[in-house]
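Its first residue numbered 1, the sequence shown is counted upward by one per residue in full-length UniProt numbering. Comments concern the structure below.
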Amino acid sequence: MAKKSPAAPANANVNAKGQPSINIGISDKDRAAIAQGLSKLLADTYTLYLTTHNFHWNVTGPMFNSLHAMFMAQYTELWNAVDPIAERIRSLGHAAPGSYAQFAALSSLPDAPATPPKALEMVRILVEGHEGAARTARSLFPLVDKASDEPSADLLTQRLTVHEQTAWMLRSLLEDR
Numbered sequence: 001m002a003k004k005s006p007a008a009p010a011n012a013n014v015n016a017k018g019q020p021s022i023n024i025g026i027s028d029k030d031r032a033a034i035a036q037g038l039s040k041l042l043a044d045t046y047t048l049y050l051t052t053h054n055f056h057w058n059v060t061g062p063m064f065n066s067l068h069a070m071f072m073a074q075y076t077e078l079w080n081a082v083d084p085i086a087e088r089i090r091s092l093g094h095a096a097p098g099s100y101a102q103f104a105a106l107s108s109l110p111d112a113p114a115t116p117p118k119a120l121e122m123v124r125i126l127v128e129g130h131e132g133a134a135r136t137a138r139s140l141f142p143l144v145d146k147a148s149d150e151p152s153a154d155l156l157t158q159r160l161t162v163h164e165q166t167a168w169m170l171r172s173l174l175e176d177r
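Okay, structure coming up:
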């Protein structure tokens, strides 16, 4: 017959607030700082998603078909990106922001213009948005490297790849030759 292990005390693995403690090899302080940085990236991503979706709906002019389709592909990618960012924040033991007010306070990006701009101005705004999101992601690397937080580093690398490539593709539409 197998020996039963003694029951854990009722307060084992519980922090001072009575919540389950987290011991994943990253200090509470570093987890909080990384979660805060990822919250900013989440806010940038959601803001860029809304702006891109807005432009998809409102683009006009001779480039309508190509931009309408391009913006749809881009907002779909951004929509699919918010969940992994939010879930990483939760994995670190923190609540993910999820309101417009929180996103507005955390985002480094401006909201979409109230009046839809011309097509190429939309493209320029999205270039700036993707560059801004890339800067936000890149700013977190020193912290995640110091904390040996490889999952967050991997997420940041994926986001940087998308934002930098999308900015390049959008910028190419703005070139005059």
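Each residue gets a CB set at the ideal place from its N, CA and C atoms; glycine is no exception. Since the structure is predicted, the reported quantities are computational estimates derived from the model, not experimental observations.
Residue i (DSSP reduced to helix, strand or coil)
i    : result
H94  : coil
A7   : Model confidence at A7 stands at a pLDDT of 47, short of 50, so the residue's coordinates are unreliable and nothing is read from them.
G61  : coil
L156 : helix
K136 : The sequence shown places Thr at residue 136, rather than the Lys named in the question. Three-state DSSP puts T136 in a helix.
T166 : helix
L67  : helix
L109 : coil
V161 : As written in the sequence, residue 161 is Thr, which differs from the Val given in the question. Of the three classes helix, strand and coil, the one that applies to T161 here is helix, per DSSP.
A81  : helix
P116 : coil
E121 : helix
G129 : helix
E87  : helix
E150 : helix
Start and end residues, alpha helix (DSSP H) containing residue i
i    : result
D30  : D28 to N58
P142 : F141 to K146
A105 : Y100 to L106
Residue i versus residue j: straight-line alpha-carbon distance, rounded
i           : j    : result
P6          : A147 : Annotation note: pLDDT 46 at P6 (below 50); position unreliable, coordinate value reported separately. One C-alpha to the other measures close to 34 Å.
residue 178 : I24  : Outside the displayed range of the chain (1 to 177) lies residue 178, so it cannot be described from this structure.
V59         : S91  : 38 Å
D28         : P97  : 19 Å
F141        : L48  : 21 Å
T51         : H94  : 27 Å
A153        : E77  : 19 Å
T166        : L126 : 9 Å
A86         : D44  : 12 Å
L143        : T136 : 12 Å
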